[in-house]
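Under our numbering, the first residue of the sequence shown carries the number 29, and numbering increases by one thereafter.
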Amino acid sequence: MRRVIARVSTVLLCLLSATALHAQPAPSSAVTAVPRLVRVTSTFVPANGRPAAPVEAVTMAIYAEETGGAPLWQETQYVAVDADGRYTVLLGATLTDGLPLDLFGSGDARWLGRRFERPGEGEQARVLLASVPYALKASDADTLGGRPPSAYLLAAPGASAGAGATGAGAAGTAKTSSGSVVPALSAGTANFVGKFVDTTDLGNSAIYEAGGLVGVNTTTPFDVVHARFTNTAGTMTGYAVQNLGSTGYSGMLFYDQTGALGQFQGFNNSTHEYRINNIASSGSINFMIGSSSKFNVANNGFIGIGTTGPTGKLQVNGGVRARGGAPGGFGVNDNGYAFTGGGGDDDSGMFSSADGQLEFYTNNNEIMRLTPAGRVGIGTSTPGVALDVVGGGTVNNAAPASYFYPTGGLVTGYTGIFSPVSIRASGQIVANLFGAVSDERIKNIQGRSNSAADLRKLLGIEVTDFLFKDVVEKGSRPQKKVIAQQVEKVFPEAVSNATDVVPDIYQKAPINNGWVALATDLKVGDRVRLVTEKGHRAVHEVLEAKKDKFRTDFAEDAGQVFVYGREVKDFRVVDYEAIAMLNVSATQEMNRRMEKQAEEISQQATRIAELETQASEVALLRRQIADLQAAVRTSGRLESTRLATAK
29 MRRVIARVST VLLCLLSATA LHAQPAPSSA VTAVPRLVRV TSTFVPANGR
79 PAAPVEAVTM AIYAEETGGA PLWQETQYVA VDADGRYTVL LGATLTDGLP
129 LDLFGSGDAR WLGRRFERPG EGEQARVLLA SVPYALKASD ADTLGGRPPS
179 AYLLAAPGAS AGAGATGAGA AGTAKTSSGS VVPALSAGTA NFVGKFVDTT
229 DLGNSAIYEA GGLVGVNTTT PFDVVHARFT NTAGTMTGYA VQNLGSTGYS
279 GMLFYDQTGA LGQFQGFNNS THEYRINNIA SSGSINFMIG SSSKFNVANN
329 GFIGIGTTGP TGKLQVNGGV RARGGAPGGF GVNDNGYAFT GGGGDDDSGM
379 FSSADGQLEF YTNNNEIMRL TPAGRVGIGT STPGVALDVV GGGTVNNAAP
429 ASYFYPTGGL VTGYTGIFSP VSIRASGQIV ANLFGAVSDE RIKNIQGRSN
479 SAADLRKLLG IEVTDFLFKD VVEKGSRPQK KVIAQQVEKV FPEAVSNATD
529 VVPDIYQKAP INNGWVALAT DLKVGDRVRL VTEKGHRAVH EVLEAKKDKF
579 RTDFAEDAGQ VFVYGREVKD FRVVDYEAIA MLNVSATQEM NRRMEKQAEE
629 ISQQATRIAE LETQASEVAL LRRQIADLQA AVRTSGRLES TRLATAK
């Protein structure tokens, strides 16, 4: 058993006898009975380990045994619990007379049990009540010798004080043992609760009791408590409750047949929350009209509309329609299609048709469709591929650009708009294959590109290392690409202008009443992108500009705003496909030159081979000549020797 160390301190509020109520004010020496309450201070540690709620329902019970047995007495109260789980409760506070007189009268041991009314919580270990609570036995002080004070009246109200009595002891009055006079009380009507009609007499009040049923302004109550009234102004409801404390709840508590607290509903003075809390472990909350459930909150937290047995977080039976209201609704249109995001009678939003198509409409016009096969169609209801886009818009182009047109071929030096444009991307497009329309039958061929000139252009384009200024959106990875302004000098056909925003300010600043407290060089008429933490990132026109601040038409009180940068009309865009084709043409030129050089090298090799053959023949001839010369020299020496010998 989980042990909870509890500190239980009790203070006996003595039970004093109550004197009979009389019309005259009580004398200063009169003693008023003190409520029979016992203060209990302890600590609550939830079994699931989660923090306790600020307000918890707890059932306090008193037993004759430490374990087991039925409670001799119990009550359920709402208690305030602090962050450490500490709480204080007054036993008997829910009862008019407090704890029963006979609860501690026997002098036997009494044990206090506590059970917090929340799932998974059992009764905490019982605590033996110390001697102080047993002082409740002193409730005998409410009597005098075991008899009520009224038993000590010398004569009943209205009785004679004796023969010939006059003055204070005359008929209609009575004297107590102390000599005080009790006024005569007028008779009321049976079953009415009496009230003082003046300073001395009792009469009928508006409260009537008949057979255990109580009526207010009626002698025929329909229920246990019945209030009848007439108020056509709508300023009264028949029941009012007010808690004068600055915190806490005012409302109603409901108990089951065993006395356990079952439900609480009330209004919180500090948070202005209206709470309906069904505390019963298996309870639900059901809103009905004509004995039929219209809105049901099941015990597991599921919500059912049109059903008392929802099987999911929200189950709606019979459909919901959101027509003629604000955007964001959910419903079913005239064709039986479920839709969300509507608002008004234009059937705008997302629709789910019976055949599994997911359709998106605006003003009754379909703008996108998702098929059961996973294909998305924009501008078409029959997408043939994963993403099928039909139709487009225009893109402004302020600087000269080049493009291929089906009926006009290559167009250069164009300024104006591109239309129709089906897809526009501010970032990269990644794919295994990119296919472009290139059929000869849609083009007027002007001739082959000058590859030698293309090679010169390609060699003039500089590849640059750089980092993006906008590291949030584009990242901080090093880039190795071309710069549009440099390409424009060499290959202007590959560069075009568009309208976009550059991060030339890129600072966070306070904003108040539309004024952005930031020193910039913005001028009236400039357009600047403002970004907020809530996701706003629109471009706004500068209406006023000063040295240290500027104002736009953005009026939302966001506190802080990120000034991204200004909008420009000459935002450079590079046609990388054009550069790729330039590279193809330049590569072909280089290949042609290499082939020519290879042919020349081959011819030179042949010539060298021929020269080498000729050189070999010359060398042989030279050797033969040398040999002949040697033979001649040898022959001459021999002839000289013969002549010398002959002499």
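Ideal Cβ placement from N, Cα and C applies to all residues, glycine included.
Given the structure is predicted, the values throughout are model-derived calculations rather than measurements.
query: What would DSSP say about Leu65, mapped onto helix, strand or coil?; result: coil
query: Considering only the alpha carbon of each residue, which of Asn314, Ala526, Val107 lies closest to Val325?; result: Asn314
query: Is it the case that the Cβ atoms of Val155 and Leu140 are separated by a distance below 8 Å?; result: yes
query: Is Pro82 buried or exposed, if buried means 16 or more other CB atoms sit within 10 Å of its CB?; result: exposed
query: So, under 8 Å CB-CB, Gly311 and Gly329 are touching, yes? Tell me the CB distance rounded to an integer number of Å.; result: So it is not a contact: roughly 12 Å between Cβ atoms.
query: Consider the Cβ of Thr227: report whether some Cβ of chain C lies at a distance smaller than 8 Å.; result: Judged by its chain identifiers, the structure shown contains no chain C, having just a single protein chain.
query: By the 10 Å Cβ neighbour count, where 16 or more other Cβ atoms means buried, how is Ile607 classified, buried or exposed?; result: buried
query: Is it the case that the Cβ atoms of Gln105 and Thr122 are separated by a distance below 8 Å?; result: yes
query: Quick check: the Cα distance between Asp585 and Pro538, rounded to an integer number of angstroms?; result: 10 Å
query: In the DSSP assignment, find the beta strand (DSSP E) that holds Asn619 and state where it starts and stops.; result: Premise fails: Asn619 lies in the alpha helix (DSSP H), 604-674, not in any beta strand (DSSP E).
query: For Val544 and Arg397, I'd like the C-alpha separation in whole angstroms.; result: 42 Å
query: For Ser466, which residues does DSSP report across the bridge?; result: Note: Ser466 sits in no beta bridge, so no partner.
query: Check Asp479 in the structure and name its three-state DSSP category.; result: Reading off the sequence, residue 479 comes out as Ser, not Asp. If DSSP states are grouped into helix, strand and coil, Ser479 belongs with the helices.
query: From Pro99 to Asn76, what does the alpha carbon distance come to, in whole angstroms?; result: 26 Å
query: Val602 to Val529, Cα distance in whole Å?; result: 16 Å
query: With DSSP collapsed to three states, give me the class of Asp130.; result: helix
query: The alpha helix (DSSP H) spanning Ala512 covers which residue range?; result: 512-518
query: Are Pro411 and Gly420 touching if we call contact CB-CB under 8 Å?; result: no
query: Tell me where the alpha helix (DSSP H) around Val500 begins and ends.; result: 499-502
query: Whose C-alpha, out of Val418, Asn460, Arg670, is nearest the C-alpha of Pro448?; result: Val418
query: Just to confirm before moving on: does the CB-CB distance between Thr336 and Ser321 stay below 8 Å?; result: yes
query: Tell me whether Arg484 sits in a helix, a strand or coil according to DSSP, three-state version.; result: helix
query: Within the continuous beta strand (DSSP E) that includes Val107, where are the two ends?; result: 101-108
query: Excluding the five sequence neighbours on either side, which residues of its own chain have a C-beta within less than 8 Å of the C-beta of Val491, listed in chain order?; result: Lys508, Lys509, Val510
query: Quick one: using the 10 Å Cβ neighbour count with 16 as the cut-off for buried, is Ala522 buried or exposed?; result: buried
query: Exposed or buried, what is Tyr283 when buried is set at 16 or more other beta-carbons lying within 10 Å of its beta-carbon?; result: exposed
query: Which residues in the same chain have their Cβ closer than 6 Å to the Cβ of Asp112, if we skip the five residues on either side of it in sequence?; result: none
query: If we call anything under 8 Å between Cβ atoms a contact, is Arg138 one with Leu157?; result: yes
query: Okay, do the stretch 545-561 and the stretch 582-599 touch, 3+ Cβ pairs below 8 Å being the bar?; result: yes
query: Under three-state DSSP, which class holds Glu561?; result: coil
query: Going by the DSSP bridge assignment, what does Glu10 pair with across the sheet?; result: Outside the shown range of the chain, which is 29 to 675, sits residue 10, and nothing can be said about it.
query: Met316: which of Ile304, Ile333, Thr263, Glu301 sits nearest, CA to CA?; result: Ile333
query: According to DSSP, simplified to helix, strand and coil, what is Glu569?; result: strand
query: Name the two residues that bound the continuous beta strand (DSSP E) containing Glu84.; result: 83-91
query: Residues in the same chain with beta-carbon distance under 7 Å from Asn611, minus the five sequence neighbours each way, listed in chain order, please.; result: Leu486
query: Does the ligand ADP have even one heavy atom less than 7 Å from the beta-carbon of Thr336?; result: What this structure holds is no ligand at all, so the ligand ADP is not there to describe.
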